[in-house]
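Asks:
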Amino acid sequence: MKGLKIFSLAFFSYLFLALYSNYFDKNLSDLIYAKGFSSSMLLMGTVFSLVFFFFMTLGYLKPISLDEKILIVSILLLSLFEVPWAPLVAVILVITYWRRISPSFLHAPLCLFSAVATLLIVYSIVGIPFIEPVLRYKLVGFLVMSAFLGLVAIIYLRTSTRIKTLLLILFEVLLFLGTFRSLMILIFMGYIFDLYFEGNLKLDMKISLGLFLVVASVLYLSHGLESLMVRIGFTFLVFHNIVRLSMPLGIFHGSLLMSDNPRYLIGKLFGTNMHYTYFLFGQPIADFGVLGVVEAYLFGVFLRHAEGNPKTLALVLSLMIYVIETGMDAFTLLLILSALLFRGVD
């Protein structure tokens, strides 16, 4: 039950902060509604978030089986969201699985090299978003992919805690320069969960200092606690309006999940060119309406099956908590399913 307990803590903490920002602090709510949405009690969004969480919990407690054929077919189909590179990567993943090549032996070192090299090359050629903020969304694809690759490396590399800590510092600095706070949190969660589920987590001065620095960096990039709370409240307001527009059977019918830029697609839905995050259950509802409970159920199934391997659980749980804010997409789901496929490969 570790996975569900930790996820539930993150989920309900986020929900409480979102509702607080919209309901109980007038200054925050005024800033949120100044972004263009009309005032709303958010009752529909809150009810649907709880209903979908119930189905996710049901999937965790009463999971269906996930055999390798189902996972392989799902991975290959999901990879079609970005042709040609994603299908090529999916095929390579399947081949390495058939050969029973350990992620720690092959995938983690490749991910480490690819993530660091990508960030350094992009920053050198294009520029650094921290210095030139206009580059932030231009480089978002590179930053997200590098962070996800870094997450795999941090979790699966078979090395000492000291080396992993040095890698954590490296990635946090590089991602701080990219200005995406959620990616910094993602890497830190992977590091902490890996140590915790492997039984190596010690709440010493180093861990406490690391947590403090990550929190301070997130607040700095958010321009303070108030702006961070506005972001959380606004994301949930977007989700509420997705629910309002998507009943009963959705409006995207799968195209949001398979989009190579779903946050831009959500922004377009509300008449802007901005990238809008849309909450964990925003994508299932926007794509399938009430039938999205099936996908929510599968989220719980994925989390339950991940518990068979501590490294799989660290990766899947990190990603599931990450998408509470950002929303699910094909790239994230592809990585979750790939981790589940390799959970029995040592």
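The numbering of the sequence shown is this note's numbering, which starts it at 968 and goes up by one.
Where is the CB? At the ideal position from N, CA and C, for every residue including glycine.
1. Helix, strand or coil: how does DSSP classify PRO1251 here?
2. If distances are taken between C-alpha atoms only, which option among SER1189, GLY1166, GLU1165 and TYR1158 comes closest to ILE1174?
3. Let's test the definition: count the other Cβ atoms within 10 Å of the Cβ of ILE924 and tell me whether it reaches 16, buried, or not, exposed.
4. At what residues does the alpha helix (DSSP H) containing LEU1087 begin and finish?
5. Can you look up GLU1035 in the DSSP assignment and give me helix, strand or coil?
6. Cα separation between LEU1124 and PRO1076?
7. Does DSSP put TYR1264 in a helix, a strand or coil?
8. Could you check the C-alpha separation between LEU998 and VAL1197 for me, to the nearest Å?
9. Roughly how many angstroms separate the alpha carbons of VAL1290 and THR1202, rounded to a whole number?
10. Determine the extent of the alpha helix (DSSP H) in which ASN1167 is found, giving its start and end residues.
11. Suppose the cutoff is 7 Å on Cβ atoms and the five residues either side in sequence are ignored; what does the same chain contact list for MET1241 look like?
12. Out of LEU1144, TYR981 and ARG1230, point me to the one whose CA is closest to PRO1100's CA.
13. Going by DSSP, what residue range makes up the alpha helix (DSSP H) through GLU1139?
14. Which residue from ASN1167, ILE1088, LEU1060 and LEU1236 puts its Cα closest to that of LEU1301?
15. How would you call TYR1064, buried or exposed, if buried means at least 16 neighbouring beta carbons within 10 angstroms?
16. Assuming PHE1109 and VAL1089 make a contact with CB atoms under 8 Å, what is their CB distance in whole Å?
17. If you follow the alpha helix (DSSP H) that ILE1095 is part of, which residue opens it and which one closes it?
18. Indicate the three-state DSSP secondary structure (helix, strand or coil) for LYS1029 in the structure shown.
19. Flag LEU1025 as yes when its Cβ comes closer than 7 Å to any non-hydrogen atom of the ligand ADP, and as no otherwise.
20. Grouping DSSP H, G and I as helix and E and B as strand, with all else coil, what is ALA1001?
21. For TYR1243, count neighbouring Cβ atoms within 10 angstroms of its own Cβ and tell me buried if that reaches 16, exposed if not.
22. Excluding sequence positions up to five away, which residues of its chain have a Cβ less than 8 Å from the Cβ of HIS1220?
23. Which word fits ARG1310, buried or exposed, when buried means at least 16 other C-beta atoms lie within 10 angstroms of its C-beta?
24. Tell me which residue opens and which closes the alpha helix (DSSP H) that MET1112 is part of.
25. For the candidate residues GLY1259, ARG1066, LYS1131 and MET1023, whose alpha-carbon lies nearest to that of PHE974?
Replies: So, from the data block:
1. Of the three classes helix, strand and coil, the one that applies to PRO1251 here is helix, per DSSP.
2. For ILE1174, the closest of SER1189, GLY1166, GLU1165 and TYR1158 by C-alpha to C-alpha distance is TYR1158.
3. Given that the chain is displayed from residue 968 to residue 1313, the structure contains no residue 924 and the question cannot be resolved.
4. Boundaries of the alpha helix (DSSP H) harbouring LEU1087: 1074 to 1092, taken from the DSSP string.
5. Taken through DSSP and simplified to helix, strand or coil, GLU1035 comes out as helix.
6. Straight-line measurement puts the Cα of PRO1076 at about 7 Å from the Cα of LEU1124.
7. If DSSP states are grouped into helix, strand and coil, TYR1264 belongs with the helices.
8. If you take the alpha carbons of LEU998 and VAL1197, they lie about 7 Å apart.
9. Rounded to the nearest whole angstrom, the CA to CA distance from VAL1290 to THR1202 is 12 Å.
10. In the DSSP annotation of this structure, ASN1167 is not part of any alpha helix (DSSP H), being labelled neither H nor E.
11. Correct list, in chain order: GLY1234.
12. Just measuring C-alpha positions, the residue of LEU1144, TYR981 and ARG1230 sitting nearest PRO1100 is LEU1144.
13. Element bounds for GLU1139: 1128 to 1145.
14. It is LEU1060 whose Cα lies nearest to the Cα of LEU1301.
15. By the neighbour-count rule (16 or more Cβ atoms within 10 Å), TYR1064 is buried.
16. 5 Å between Cβ atoms; contact.
17. ILE1095 -> no alpha helix (DSSP H), and no H or E assigned at all.
18. Three-state result, LYS1029: coil.
19. For the ligand ADP, the structure offers nothing, since it holds no ligand at all.
20. The answer is coil: DSSP assigns ALA1001 none of H, G, I, E or B.
21. Its Cβ being crowded by 16 or more others within 10 Å, TYR1243 is buried.
22. Setting aside the 5 residues that flank it on each side, HIS1220 is surrounded in the same chain by ASP1254 and PHE1255, each with a C-beta closer than 8 Å to its C-beta; the list follows chain order.
23. With 16 or more Cβ atoms within 10 Å of its Cβ, ARG1310 is classed as buried.
24. 1107 to 1123 is the extent of the alpha helix (DSSP H) around MET1112.
25. Nearest to PHE974 by alpha-carbon distance, out of GLY1259, ARG1066, LYS1131 and MET1023, is MET1023.
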